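Asker:
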Amino acid sequence: MRIVQRQLGWREVCDEDEWDVFWTDTSINIDRIFRLTRTQKINHFNGMLELCRKRAMARNLSRMQKVFPKHYDFFPLTFVLPTDLSPLVEDVKSHGKRQFYILKP
């Protein structure tokens with residue numbers, strides 16, 4: 083980020099309120115979000131972890147698929163272990179060796 087900052091001619095500031103872009107690797111406190119001015123931007127938004135964490139993303143997509151099946155048919159059948167172990171075992175039994183699975187840590 084600092085390389086890009088220098089290339090754009092931006093400067094890093096320490097003042098709590100005098101900034102345009104707030105870049106962080108951690109989540110943002112909701113109070114900071116409410117204090118943003120119209121010109122201030124941050125690289126995170128409230129609830130972002132629900133999209134960035136694999137387990138949460140799978141859970142949220144599955145919930146939406148149950149409510150809006152036609153609109154949420156763009157991702158593969160997903161199992162979150164150990165919660166979905168039984169459905170996974172059933173799926174393996176029903177497809178045998180013809181099925182491929184992608185495992186994510």
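Just so we're aligned, residue 83 is where the sequence shown starts under the numbering used here, counting upward by one.
By construction, the Cβ of each residue, glycine as well, lies at the ideal position given by its N, Cα and C atoms.
In this text the structure is predicted, and so the values were computed from the model without any measurement.
#1: Please work out which residues of its chain come closer than 7 Å, Cβ to Cβ, to residue 142, disregarding the five sequence neighbours upstream and downstream, and give them in chain order.
#2: Between which two residues does the alpha helix (DSSP H) harbouring residue 169 extend?
#3: Assuming residue 85 is part of the alpha helix (DSSP H), what are its boundary residues?
#4: Excluding the 5 residues preceding and the 5 following residue 161 in the sequence, name in chain order all residues of the same chain whose CB lies nearer than 7 Å to its CB.
#5: If we count Cβ pairs, one from each stretch, closer than 8 Å, do we get three or more for the stretch 144–160 versus the stretch 122–129?
#6: Report the rounded CA-to-CA distance for residue 96 versus residue 129, giving the unit in angstroms.
#7: Does any residue of chain C bring its CB to less than 8 Å from the CB of residue 150?
Answerer: This is what the structure gives:
#1: 132
#2: Note, residue 169: alpha helix (DSSP H), 167–177.
#3: 84–90
#4: 169 and 170
#5: With a cut-off of 8 Å, the stretch 122–129 and the stretch 144–160 do not count as touching, because too few Cβ pairs lie within range.
#6: 26 Å
#7: The chain labelled as chain C is not found in the depicted structure, where only one protein chain is given.
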